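Note sheet for the following structure.
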Amino acid sequence: MSEDHQIIVTVNGQKYQRHVEPRLLLSDFLRHHLSLTGTHVGCEQGVCGSCTILLEGEPVRSCLLFAVQADGRNLTTVEGLSDHNGTEAGRMHPLQEAFWEAHGLQCGFCTPGFLMSLLPFLEENPSPSEQEVREAISGNLCRCTGYQHIVDAVMLAAGNMIAKDGSEES
Amino acid sequence: MKPAPFKYTSPSTITAALDLLAENAYDAKLLAGGQSLIPAMNFRLTQPAMLIDLNRLDKLDYVRVANNNTVQIGAMTRQRTLERNQLIRDMLPLMSETLPFIAHSQIRNRGTIGGSLAHADPAAELPAILVALQGRLRLRNRMRERWVPAEAFFKGIFTTDLAPDEIIVEVEFPSISKGDGWSFLEFSRRKGDYALMGVAALLTVDSQGVCRSARLVYLNSGEVPTVASLATGLLEGEKPSGILFEAVARVAASDVIAPTANIHASVPYLRHLAYSLTKRALEVAHSRALASVET
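Encoded structure:
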């Protein structure tokens, strides 16, 4: 059998030290070893996008990485979006608010992956066109919404986030 | 856990990686971006005894210009990095145009140029681009290094000239020059899926608008990227026109490529796709070539 490796990863700002078998997928590590079950596992072959997380700020499929590869890296999962402090529910991220507001989810299984793909996208493109939004979500599958409400949610989020930034600056 | 057990190593120097590979050449698999290897391991289609993870080799992540007209890319450079690189946009516009067709941004954030070339999937875009641009690869083992030209590198489906103890360290491409036009087009059932058919077109014209050279390379049209020189021979020395492009596309689609039917597409349909894509790609490449001699 393969030996365990000790890894230290930072997830949503918190450091974790664990022993892992090399074949443990990062998605399973987050869910089963760190109990961060917000990251969902769909296809485990890189197609559906529901396990998307941020690795050093860039969206990646956590089912196509081994946990051992994340040693020394910074990860962000959907749990890192809202500003809750671990004991009480905090405010949702404006992107999450917009998904709620615009019916951007039904069953919600795919939603964490969508959010984690969209977060860096909106940072790079604060006022995207609808076409750009569709391109940005092309790597995430949703079987409920038909995507229209997700696109609406992103457009709403973009508008709200710009308005918020503007009001904070003034 | 889905993948079978394996031993994991992550060398921090190329020398250490080459030593590990030399000692375990028949048991070890190199892990680059892992966007094809890890799905295959998740399905247990492949069960390597050892993985040599190249992701700590930061020295293989670069884009640089050599001799003013050659672009050298480190094998571990991510596809997404290349997509955002201005140098690539200016000197290898064909590659820039092609990169967004590779899967999705989340995959391109991990996928590397060296990994894609070593994997040699007949449906992949980068092997076709390497062959279209007539680039070459620098391969190293513990003892020596050697250069292999693109067309000699691809041997068959998932099969390359790489020896079991060799690593791709660099890929080199000649830069675009005046008179060159380019285009890449592919058709897939959904955005980001493997393409059913794809073509890279390059066309060079002189100041009189006469075609000096042309190149068409197809993906998913045989075991390796397919070069349609029989078809592009019709263009050389001629002033290109729509009728000529149709003739070239017909020859390439019916006489050169050898696509295989799959559950989504019959051979006649794939040939029809190749014909349509070729005609459009040649038109785009031609107009870009003309624009470059006019300026």
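Protein sequences, first through last, are from chains G and S.
If you read the first sequence in the numbering used here, its first letter stands for residue 1, the second for the next number, and so on.
If you read the second sequence in the numbering used here, its first letter stands for residue 1001, the second for the next number, and so on.
The beta carbon of each residue, even a glycine, is placed where N, CA and C say it ideally should be.
Note that this is a predicted model, so its numbers are computed, not measured.
Alpha-carbon spacing of residue i relative to residue j, whole angstroms
i	j	result
G:G104	G:G72	34 Å
S:M1197	G:L34	43 Å
S:S1296	S:K1059	In the structure as shown, chain S begins at 1001 and stops at 1295. Residue 1296 of chain S is therefore absent and cannot be evaluated.
S:S1096	S:S1183	10 Å
G:Q172	S:S1213	With chain G running from 1 to 170 in the structure shown, residue 172 of chain G is simply not present.
S:A1103	G:G139	8 Å
S:P1259	S:G1233	21 Å
S:D1206	G:F66	52 Å
S:Y1062	S:P1268	42 Å
S:I1088	S:E1170	15 Å
S:F1158	S:L1130	15 Å
S:L1020	S:L1137	21 Å
G:T10	G:L36	13 Å
S:L1270	S:D1180	28 Å
S:S1116	G:A163	42 Å
8 Å contact criterion, which residue i and residue j should meet: CB distance rounded
i	j	result
S:L1037	S:I1167	14 Å between Cβ atoms; not a contact.
S:T1160	S:A1120	5 Å
S:P1039	G:G46	5 Å
S:L1202	S:A1132	6 Å
S:L1092	S:S1175	7 Å
S:G1111	S:R1078	7 Å
S:R1080	S:N1109	5 Å
S:G1114	S:A1075	3 Å
S:V1199	S:A1281	5 Å
G:L141	G:C107	Between G:C107 and G:L141 the Cβ distance is about 12 Å, and since that is not below 8 Å, they are no contact.
Beta-carbon proximity list for residue i, same chain, < 7 Å, skipping 5 on both sides
i	result
G:P59	T52, M116, S117 and P120
G:E132	N125
G:G38	T77, V78, E79 and P112
G:A158	L122, P126, S127 and P128
S:G1209	K1239 and L1290
G:E56	R73 and N74
G:E130	V151 and M155
Enclosing alpha helix (DSSP H) for residue i [first to last residue]
i	result
S:D1090	Q1086 to M1091
G:M116	T111 to E124
G:R23	Element bounds for G:R23: n/a, residue is neither H nor E.
S:T1081	Q1079 to E1083
Residues of its chain near residue i, where Cβ-Cβ distance is below 6 Å and the 5 sequence neighbours each way are ignored
i	result
S:A1249	Y1275, T1278 and K1279
S:I1107	Q1035
S:K1178	S1292
S:I1257	Y1218, S1221, T1226 and A1274
G:L25	C63
G:Q6	H19
G:H44	According to the sequence provided, residue 44 of chain G is Glu. The question's His does not apply to it. These residues qualify, in order along the chain: C63.
Chain-order list of residues whose beta-carbon lies under 8 Å from that of residue i (same chain, five-residue window excluded)
i	result
G:N160	P94, E97 and A98
S:N1042	K1002 and P1003
S:L1230	V1251, A1252, D1255 and V1256
S:A1195	F1101, A1123, E1125, E1186, F1187, S1188, L1219 and N1220
G:G13	G80
G:L156	A98, E101 and A102
S:E1044	A small fix is needed here, since residue 1044 of chain S is Arg in this sequence, not Glu. Here the set comprises K1002, P1003 and A1004.
S:Q1047	P1003, A1004, F1006 and M1041
Residue span of the beta strand (DSSP E) that contains residue i, given as start and end
i	result
G:N74	N74 to T76
S:V1063	V1063 to A1066
S:L1031	A1028 to L1031
S:M1197	M1197 to V1205
S:E1145	E1145 to P1149
S:A1214	C1211 to L1219
S:L1051	M1050 to D1053
S:L1139	R1136 to R1140
Assigned secondary structure, residue i (DSSP; H/G/I helix, E/B strand, else coil)
i	result
G:R18	strand
S:D1019	helix
S:E1186	strand
G:C63	helix
S:E1172	strand
S:M1041	helix
G:E58	strand
G:V11	strand
S:F1006	coil
S:I1073	strand
S:G1181	strand
S:G1156	strand
S:A1247	helix
G:A5	The sequence shown places His at residue 5 of chain G, rather than the Ala named in the question. Of the three classes helix, strand and coil, the one that applies to G:H5 here is strand, per DSSP.
S:L1234	coil
S:T1098	helix
S:R1056	coil
S:A1274	helix
S:T1226	strand
S:R1110	coil
G:A163	helix
G:T52	strand
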